[in-house]
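Chains as they are written, first to last, in the numbering used here: chain A, 144 to 302; chain B, 144 to 302. Ideal Cβ placement from N, Cα and C applies to all residues, glycine included. Note that the coordinates shown come from a computational prediction; the quantities given were computed from them, not determined experimentally.
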DNA sequence: GTGATAAACTTGAGTGCGCAACCACTGTAG
DNA sequence: CTACAGTGGTTGCGCACTCAAGTTTATCAC
């Protein structure tokens with residue numbers, strides 16, 4: 144603990160790089176996705192999660208947790224996706240409180256068509272810039288962060 | 144989707160981790176800073192940049208570039224900081240278009256008091272979780288990203 | 001049963017920010 | 001001196017999101 148401000152400096156530096164680089168990156172990819180397919184990144188991620196989920200449906204709470212959004216954020220997000228016809232609601236017969244978000248056929252098609260360019264965009268940013276090993280170590284390093292934040296919420300991020 | 148290589152999967156995976164982990168992290172630190180000192184992360188970073196700048200002042204454009212914000216974002220940001228008395232405006236006598244943001248004494252004190260807990264928070268997240276070497280390699284890896292965005296060939300250079 | 005507590009979800013108000021459009025000033029060209 | 005392109009900066013509008021408060025359904029205590 145009493146050690147060096149160097150560690151602090153390194154941490155701050157890494158953090159600032161992360162913050163700025165990531166902010167610009169997200170904005171960039173988001174703008175691209177938005178202009179090409181009228182989807183935000185979270186729209187896209189939501190569709191992706193649903194597509195991978197069993198039966199193409201998820202509880203809104205689980206979606207919120209996976210997307211790192213509050214329940215109200217998910218409500219508005221799905222609101223837009225419903226209006227666009229990409230998802231629809233379904234209720235649970237064993238629990239009247241929960242509502243499922245269900246991926247529609249239209250939604251799946253939309254995801255497929257958006258995937259091509261979005262993945263290509265990510266590829267362009269990441270794969271061209273890092274080697275395979277670097278990518279893995281980056282993923283590993285960054286993978287440690289969420290645990291810190293949400294606490295013990297390692298509930299079923301299996302997938 | 145296409146056949147695809149594992150590389151794409153790896154890129155996507157790294158990206159998703161980055162996205163989610165970082166989003167949660169930013170929200171977390173932001174909330175902390177906000178509740179403890181009534182500053183957003185960008186408020187803090189702006190004060191920090193000004194404190195490091197020569198004469199404690201910067202042109203708004205340069206601030207925008209450093210913070211990865213649009214000019215309008217900087218206007219609102221500084222609007223708040225001015226209202227709080229942490230910065231004030233100054234005009235340039237050699238160029239009537241530019242306005243400087245100048246850190247006030249109050250602002251410098253605010254930054255100092257906020258720094259303690261904020262740096263501690265970052266320390267808690269980063270330095271405890273990574274070794275010195277990992278931190279450096281993380282910083283290096285992430286440092287390559289911004290170049291991609293603002294960079295040479297990609298796109299949307301105009302605007 | 002009745003009541004208290006909790007979970008899933010929605011709604012209203014407010015915030016941070018980008019985009020597009022705009023004004024103000026500068027420097028160069030005719 | 002006028003014209004005009006380029007840059008610095010602000011404003012109107014809209015979007016995505018959070019927080020706080022409310023509604024409905026489930027569950028547990030008695």
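Chain B within 8 Å of residue i, Cβ atoms only
i: residue 277 of chain A; result: yes
i: residue 221 of chain A; result: no
i: residue 297 of chain A; result: Below a pLDDT of 50, predicted positions are generally treated as unreliable, and residue 297 of chain A, at 33, falls in that range; the measurement from the model is reported next regardless. It does not; no Cβ of chain B falls within 8 Å.
Chain B contact residues for residue i, given Cβ-Cβ distances below 8 Å
i: residue 166 of chain A; result: 211
Bridge partner(s) assigned by DSSP for residue i
i: residue 244 of chain A; result: A:201, A:232
N-terminal and C-terminal residue of the alpha helix (DSSP H) that residue i is part of
i: residue 218 of chain B; result: 214-227
i: residue 282 of chain B; result: 275-286
i: residue 186 of chain A; result: 184-195
Short CB-CB distance (under 8 Å) between residue i and chain A
i: residue 281 of chain B; result: yes
i: residue 284 of chain B; result: yes
i: residue 294 of chain B; result: Here the model assigns residue 294 of chain B a pLDDT of 36, short of 50, so the residue's position is not dependable, and the following value carries that caveat. Not one chain A Cβ lies under 8 Å of residue 294 of chain B.
i: residue 302 of chain B; result: For residue 302 of chain B, the predicted structure reports a pLDDT of 28, less than 50, and the residue's modelled location is therefore unreliable. A value from the coordinates is still provided. Not one chain A Cβ lies under 8 Å of residue 302 of chain B.
i: residue 144 of chain B; result: In this prediction, residue 144 of chain B scores a pLDDT of 46, lower than 50, which makes its location untrustworthy; no coordinate-derived value is stated.
Validate contact between the region 269-287 of chain A and the region 183-191 of chain A using beta carbons, cut 8 Å, 3 pairs: no
For the structure I just gave you, are there three or more beta carbon pairs, one from the region 221-234 of chain B and one from the region 188-202 of chain B, closer than 8 Å? yes
Segment contact flag, the region 168-181 of chain B with the region 232-246 of chain B, C-beta cutoff 8 Å, min 3 pairs: no
Can you confirm whether the region 240-260 of chain A touches the region 248-267 of chain B when touching is taken to mean that 3 or more C-beta pairs between the two stretches lie within less than 8 Å? no
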